[in-house]
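Enquirer:
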Amino acid sequence: MEIELSFYPDIELIIKDGRDNSSTQIKQIKELIDQEIDLLIVSPNESEPIAPIVEQVYNSGIPVIVIDRKVKTDKYTAFIGGDNYIIGVEAGNHAARLLQNGGKILEIRGLEGSSPSQERHNGFARVLNNFPDITIVKSVSGDWKTNSANKIINEAINDELEFDLVFAHNDVMAREVRKVTQQYRETRHTYVLGVDGLPGTEGGIQMVLDNVLDATFMYKTGGGLAIQIANDILNKRKVSKQNIIPTLTIDKNNAPMLKAQTDQIELLHNKIERQKLLLTIETNRNKTKNLILFFLIAVLTLTTALIFMIYLNLNDKKKLNKILVDKNEEIEKQNQLLKEQHERLKKIDKELEEATQAKLTFFTNISHEFKTPLTLIKGPLESLIEEKMPPSDIKKNYQIMHRNTHRLLQMINQLLDFRMIENKKMRIKASENNLDDFLNDICASFQTLADKKDISLTYESTIKYPVIWFDYEKIEKVMFNLLSNAFKFTPQKGRIKIILRKHKINNPGLFAEEFCIEVKDSGEGIPKEDLPKIFERYYQKDESRIVKGSGIGLNFSRELVELHRGRIKVESTEGEGTSVFVWLPVGNLHLVEDEMIKNRNIETSPNEDYPFLDEPQTAEAIDSLIPDKEATFSILITEDMPDMLDYLRMMLKDRYKIYTATNGKEGIEQVLEEEPDLIISDIMMPKMDGFEMTRQLKSDTKTSHIPIILLTAKTSIKNKIEGMEDGADYFIEKPFSKALLLSTINNLLVSRKKLREHYRETLSFKETENGINQLDQQFLKKLRHIILENIGHDDINVDELASKLGLSRVHLYRKVKKITDMSVSEFVISIKLKKSLDYLRNSGKTITEIAYESGFSSQSYYTRCFKEQFKMSPSKYKKQYRST
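Going by this note's numbering, the final residue of the sequence shown carries number 920, and the count climbs one at a time with no gaps.
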């Protein structure tokens, strides 16, 4: 093809190799169609699989030339190739001439299902049917490949198959046959016939000359003819549909002549290629010369014109020079001015960027800082409301103040969320939830408000178990926004409905179904001209339905819904009411991995975003959460803000012994010195923040057992998770409820007390659901191991234990006491007694022997300790155990 293509420089040839794979060949043909080719030349890998794509190309108007192998369709423009049936006939006749006295033949066919393989076999078998003394003992597919031929001929020899001649359907398989037969059948000549008869050092002609093959049958694929016919087709000339290339038997008689001819053709081809290269080089040189000549003429013309102009204006040279100098100075000044303006603009742009970032940073920080003074407002207000018998009007005013404190908190939280959305930092944490239960809970939350405003609030759904993936907290905010809007604009005696439906998607992608939540009210409706604008950020209109205030409520809701790949829409008729539709996809294929969580429960303070649902608890309720006033627990408060520190101290001083610190560094020093029973800490503090203090205390064996409560204005899930990962036992958001804080303190201290009692009674160090952390478990296990290693000694030294554990004597005593409510000596005796139980149950030793082996100085001391611990003597325990 490449030789013939040199005569057609206007034709570009694109070559694809299917590598004996029909699927790959079909894919490559489709790629060529996409490249908008003018004509397709294809050599089918298999007849049937390639037929549909050939028909597709032909039907699309692109001419198709099939070469080498046939395809099972007549929808092509022309076929070029040898007659494989005739090749089979020629091979059969030549085999009959070689086996004049009869013989046995092994046939190695080509690819199963390919037209050349089938037709060559048919022609070969047809001829040999006329020779009863010649039989084909085995005919097997070799896939045109040498490794397949090698396997077949080796199996035949190993199976002692008798054969005198091998007919391989191509020369490369035939060459592999000769290689194996020469190795294993040295004393017996086997005739080997091949097909192709290609020129070159590795071709069939050379194989005949080298006695590798006894004969080969020329099979020209017609590459050159294909280019000629392609040129005729592209130039609208008539061509024949069937173009059969005759074959030729090549043996020792004609191989030398054919070799000389092909060598001469190859030599001519190389000369043509060299001439083409020289012609290309010469053409490029001529182009370069012409370009240089054109350039020189242009330069000469311009130079002549310039000289002529100078000659004409020679007398005005001084004037012209002055004008040019003035112009240059003016241009230079303008360039300098532009440069200065550019620098000023860059400076202004940088200042604007810094100012914008500073404002955004200030916005975030001040929003967080709002929460600390809010705590100082909300906490004392709760204390005032909790008074036993305040005048009703005063209490009412206090409650109004309390509700508005919550309202301010709600606005701050929404602004912080909105800031995260603007910075593209908000991420959803979706979990699998029952949408029916969720909407029932939402409805129940608003029922009190509905009763108060005399509005009918109902929820309708006919869907059984509507499970869906969504971020509980964020969709809750969407529903509260929509219902708050509905209540604001629905009159007394009005109706609000929440309706849940399920829809199928017409063109499913990542999800095929979605749930639709409709919030429908009988309010005043929205003017038609305002509907397209209600989701715009900051959009507000007097007497509209949009929530008065920041103008970001509905926009914020839409952003949260779209984070779930959902949709939100409003329909309204002025004077009749409004419906808001929220569509959420079913399933989780639309979510990425970091947007899904298995369990949404994180131990935080209750949601107080919705003030009309939250009322302060009574004094009686709070008192029930506070431990006995005679309790001797101690608490360290770490807080950098004096007012907050004083407020917490005043709240807790009558119940607990209080230590204080103003930053994390001071807090650690106080803990090491005083070892409090519990720590309450702010997060944002100078020198060392609450996270770092928690991390250091929980990673230190001396202090890891002390529970820590973190108070913070940082409300993001990331901050909560960071606090928990650092080892914090509880996380409470500011502003917090006094009742919640007191209840949390009480629960932590009581659970630690129960844990100590459990250890004292059982001496079990397994982690329980409300147990100690891993570091304290490791500490107790290590201490027990040291005691058991030295159990035979009745004078285990406390100082030695402390040294092996890397603690001081005082810290060892305090830590063991805090965890187990036992002194170190009591703990050592308990471990020894526990070990002695094994001896009593499993050994036949006397009580005295067991006492000494368990590390007691005498039997009497052992018996007394045993009775105190187990309420019976060792002998009685041993007797009871054996009887059971």
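Where is the CB? At the ideal position from N, CA and C, for every residue including glycine.
Could you pull out every unbroken beta strand (DSSP E) segment of at least 3 residues lying fully inside the region 169-203, listed in chain order?
Expert: Qualifying beta strand (DSSP E) stretches, in chain order: 170-177.
Enquirer: Given serine 919, which residues of its chain have a CB within under 8 Å of its CB, disregarding the five upstream and five downstream residues?
Expert: Here the set comprises nothing.
Enquirer: From the DSSP output, in three-state form, read off lysine 63 for me.
Expert: helix
Enquirer: Jot down the residue ranges of each uninterrupted beta strand (DSSP E) in the region 696-772, minimum 3 residues, whole runs only, in chain order.
Expert: DSSP runs (the beta strand (DSSP E)) wholly in the region 696-772: 714-718, 744-748, 766-769.
Enquirer: Starting from threonine 609, trace the beta strand (DSSP E) in both directions and tell me its first and last residue.
Expert: For threonine 609, the uninterrupted beta strand (DSSP E) run begins and ends at 603-609, by DSSP.
Enquirer: Express the C-alpha separation of leucine 76 and isoleucine 50 in angstroms, rounding to a whole number.
Expert: 10 Å
Enquirer: Reducing DSSP to helix, strand and coil, say where glutamine 136 ends up.
Expert: coil
Enquirer: If we count the other Cβ atoms within 10 Å of its Cβ and call it buried at 16 or more, is phenylalanine 344 buried or exposed?
Expert: exposed
Enquirer: Return the CA-CA distance between glutamate 512 and glutamate 565, expressed in angstroms with no decimal places.
Expert: Rounded to the nearest angstrom, the two C-alpha atoms are 29 Å apart.
Enquirer: Buried or exposed for leucine 234, going by 16 or more other Cβ atoms inside 10 Å?
Expert: buried
Enquirer: To the nearest angstrom, report how far apart phenylalanine 525 and serine 481 are at their CA atoms.
Expert: 18 Å
Enquirer: For the alpha helix (DSSP H) that alanine 251 lies in, which residues bound it at each end?
Expert: Unbroken run through alanine 251 is the beta strand (DSSP E), 251-254; no alpha helix (DSSP H).
Enquirer: I believe glycine 117 touches threonine 257 by the beta-carbon criterion, under 8 Å. Please report the beta-carbon distance rounded to the nearest angstrom.
Expert: Contact flag correct, Cβ pair sits at about 6 Å.
Enquirer: Which residues does DSSP pair with alanine 114 in a beta bridge?
Expert: Ile101
Enquirer: Can you list, in chain order, the residues of its chain with a C-beta nearer than 7 Å to that of threonine 340? Leave out the 5 residues immediately preceding and following it.
Expert: none
Enquirer: Tell me whether aspartate 557 is buried or exposed, calling it buried when 16 or more other Cβ atoms sit within 10 Å of its Cβ.
Expert: Only buried fits aspartate 557, as 16 or more other CB atoms lie within 10 angstroms of its CB.
Enquirer: Flag this pair as touching only if the region 868-888 and the region 839-847 have three or more C-beta atom pairs under 8 Å; answer yes or no.
Expert: In short, these stretches do not touch, since the Cβ pair count stays below three.
Enquirer: With C-beta atoms as the reference, is lysine 774 less than 9 Å away from methionine 677?
Expert: no
Enquirer: Between which two residues does the alpha helix (DSSP H) containing histidine 539 stretch?
Expert: First-last for histidine 539: 531-540, but that is the beta strand (DSSP E), not the alpha helix (DSSP H).
Enquirer: Enumerate in chain order the residues of its own chain whose CB-to-CB distance from arginine 162 is below 8 Å, with the five nearest sequence positions on each side excluded.
Expert: Gly124, Val125, Gly128
Enquirer: Can the beta-carbon of isoleucine 562 be found closer than 9 Å to that of isoleucine 570?
Expert: Contact: yes.
Enquirer: Going by the DSSP bridge assignment, what does glutamate 468 pair with across the sheet?
Expert: Trp505
Enquirer: Quick one: is tyrosine 683 buried, meaning 16 or more other Cβ sit within 10 Å of its Cβ, or exposed?
Expert: buried
Enquirer: Is alanine 192 closer than 9 Å to glycine 199 when the C-beta atoms are compared?
Expert: At residue 199 the sequence reads phenylalanine, which differs from the glycine that was named. Yes. Within cutoff.
Enquirer: Taking contact to mean at least 3 C-beta pairs separated by less than 8 Å, is the region 496-515 in contact with the region 449-467?
Expert: yes
Enquirer: Measure how close the beta-carbons of glutamate 769 and threonine 748 come, nearest whole angstrom, since I'm counting them as under 8 Å.
Expert: Glutamate 769 to threonine 748, Cβ: 7 Å. Contact.
Enquirer: At what residues does the alpha helix (DSSP H) containing valine 275 begin and finish?
Expert: Segment: none, valine 275 is in no alpha helix (DSSP H) and carries neither H nor E.
Enquirer: Based on Cα-Cα distance, which residue from Phe669, Gln895, Phe902 lies nearest to arginine 788?
Expert: Shortest Cα-Cα distance from arginine 788 to any of Phe669, Gln895, Phe902 involves Phe669.
Enquirer: What whole-angstrom Cβ distance do phenylalanine 506 and asparagine 469 have, given they're in contact under 8 Å?
Expert: Right, their Cβ atoms sit about 6 Å apart.
Enquirer: Cα-Cα, which of Pro45, Glu612, Ile89 is closest to serine 58?
Expert: Ile89
Enquirer: Helix, strand or coil, according to DSSP, for phenylalanine 571 in the structure here?
Expert: coil
Enquirer: Taking aspartate 679 as part of the beta strand (DSSP E), name the residues at either end of that continuous run.
Expert: Counting along the chain, aspartate 679 falls outside any beta strand (DSSP E), though it belongs to the alpha helix (DSSP H) covering 678-688.
Enquirer: Less than 9 Å separating the beta-carbons of isoleucine 504 and proline 621?
Expert: yes
Enquirer: Does the contact criterion of 3 or more C-beta pairs under 8 Å hold for the region 243-250 versus the region 210-220?
Expert: yes
Enquirer: Just grab the DSSP bridge partners of lysine 693 for me.
Expert: Ser670
Enquirer: Count the other CB atoms, across all protein chains shown, that sit within 10 Å of the CB of valine 628; report buried if there are 16 or more and exposed otherwise.
Expert: exposed
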